[in-house]
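Accompanying notes for the structure given below.
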Amino acid sequence: SAASTEQASAGLPGSFDIPAAPILIPEGPWKVIEGGVTAPAGFKAQGMYAGLRAKGDKADLALVVSDTPAVAAGAFTLNVMAAAPVTLCREVLAAHETVRGVVINAGQANAATGAAGDRDARAATAAAADALGGDEASDPFLVMSTGVIGRRVDADALSAALPVLAAGLGAGAGHALRAAVAITTTDLASKSAALEVELAPGRTVRLGGMCKGSGMIHPNMA
Amino acid sequence: TMLGVVTCDAPVAAAVWRPALAAACAASFNQITVDGDTSTNDTVLGLANGAAGGAAIGDPNSPEARALGAALTVLLQGLAKSIAWDGEGATMLLECTARGARSDADARRVARSVVGSSLVKSAMFGHDPNWGRIAAAAGYSGVDYRQEDVRISLGDTELMRGGQPLDFDAAAASAYMKAAAAAHGTVTIEVSIGDGPGVGQAWGCDLSYDYVKINAEYTT
């Protein structure tokens, strides 16, 4: 309902009408808080329908952006047929300690797409940098894709949507929820969570996250 | 495919953040399975921007780094469990805890072997407290242990102890699974294989008719 409410005010295209999965964080010396990727300070997110999915109008493009360059880490599939976005992210993280954000599409996995897929992945990160007005050389973006294997992402539609998506970025729980919906494929529920933890007396930090997945699930990441 | 994005406002050095994410993934996303198929796109990205302020966390062995790593791990476990909970066609989340292994890595292998077994998964869908399938799946995990050290429990019902099957209340054990399925809740399986210090968990889901239906109709 938070997503539906904020969607109306944001005026972004797309449907966000799937339920949220239950919060399943184990109990411990941390406090589960509302929201997802925007719960920590200095992060904004958004999701929208960019016309990438073959069917329906469920949101299919998400952005997660840090206000300042963020120290970045990644874990990636060990599948030899790694998708173009995986290869590109590995390259970016080998060359840069920090990134500005992540652009994610649902609909096409951009896997087994050859050199054209590599170009599409690079076009997505370049378009994200353009939309945010940053310098891609010093503040690069990362990219993730999910959906049908062997199909290319519609790079033109993705690039055209990114300025709209960037203009709608926000730090609310609804923004995070919409981003979480926009990365789903066969998922029946969106998946977000956040927590707050005291690292030392008087020193509290926040972590937030979102994920997607329902089938083809047997991760073996390194 | 599973994708994950985690954000954090702690000021943390890459030398701390990167191994912390790797360790957290090993105990979370790498411990889930729905169908045994490893995707071409599985990725988890972690961004830490330091917006919370304070001194940078640069020593991976500092108490603050350890606390941050623990919090990161449980957040990713929560997210990973939500994927298994929402596995295609699933009616329940399976949570297997393995204990008594020589190492945590061995325990994780045993736990993942159990939740990844098609026979265990279909038994769960049929509400069948099939201790034999659980024992078999643990046994082919590649981890070495003695049969006579095996103990298996399903929820509160102990099914096997000292490698011997027990005369348990099968109807009650089945009712436990039926209730979990009705609520789309969690079924817990505990497997102990010795007296070692290793503990590990893995998460999966039952295997229903709908899994085949979904994937027969989803062209890739």
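In order, the protein sequence lines correspond to chains G and Z.
For the first sequence, counting from 1, position 94 maps to 94 in the numbering used here; every step adds exactly one.
For the second sequence, counting from 1, position 92 maps to 314 in the numbering used here; every step adds exactly one.
Glycine included, C-beta positions come from ideal geometry on N, C-alpha and C.
For Thr410 of chain Z, the secondary structure class from DSSP, reduced to helix, strand or coil, is strand. Under the three-state reduction of DSSP output, Leu165 of chain G falls in the helix class. Contact between Ala45 of chain G and Val32 of chain G is absent: CB atoms are separated by about 19 Å, not below the 8 Å threshold.
Against chain Z, the beta carbon of Ser15 of chain G has no neighbour under 7 Å; the closest one sits roughly 18 Å away.
Annotated three-state conformation of Pro387 of chain Z is strand, per DSSP. Not a single CB atom of chain G sits nearer than 8 Å to the CB of Arg321 of chain Z.
Non-local beta-carbon contacts of Gly51 of chain G in its own chain, meaning distances under 6 Å to residues more than five positions away in sequence, involve Ala157 in chain order. Taking CB atoms only, Arg240 of chain Z has a neighbour in chain G less than 8 Å away. The closest CA to that of Val181 of chain G, considering only G:His175, G:Ser190 and G:Asp130, is found on G:Ser190.
Classified as buried, Lys303 of chain Z has 16 or more neighbouring CB atoms from the shown chains inside 10 Å of its CB. Taking 8 Å as the cut-off between beta carbons, the residues of the stretch 231-258 of chain Z near chain G are Asp231, Ala232, Val234, Ala235, Ala236, Trp239, Arg240, Ala242, Leu243, Ala244, Cys247, Phe251, Asn252, Ile254, Thr255, Val256, Asp257 and Gly258, in sequence order. Pairing Ala106 of chain G with Leu132 of chain G gives a Cβ-Cβ distance that is not under 8 Å. Judged by DSSP secondary structure, Glu91 of chain G falls within the alpha helix (DSSP H) whose first and last residues are Ala84 to Ala95. Residue-level contact check: Ser66 of chain G touches chain Z, since one or more beta carbons of chain Z fall below 8 Å from its beta carbon.
When C-alpha distances from Ala278 of chain Z are compared across Z:Val238, Z:Ala323 and Z:Asp371, the shortest belongs to Z:Val238. DSSP places Ser145 of chain G inside the beta strand (DSSP E), whose first and last residues are Phe141 to Val148.
Beta-carbon to beta-carbon, Gly311 of chain Z and Ser430 of chain Z are separated by about 4 Å, close enough to satisfy the 8 Å threshold. Taking one beta carbon from each stretch, the stretch 410-417 of chain Z and the stretch 388-395 of chain Z have fewer than 3 pairs nearer than 8 Å; the two do not touch. Look at Thr113 of chain G here: in three-state DSSP terms it is coil, with no helix or strand label.
Here Ala160 of chain G has Ala50 as same chain residues with Cβ atoms under 8 Å from its own Cβ, once five neighbours each way along the sequence are excluded. Gln369 of chain Z is classed as exposed because its beta carbon has fewer than 16 other beta carbons within 10 Å across all chains shown.
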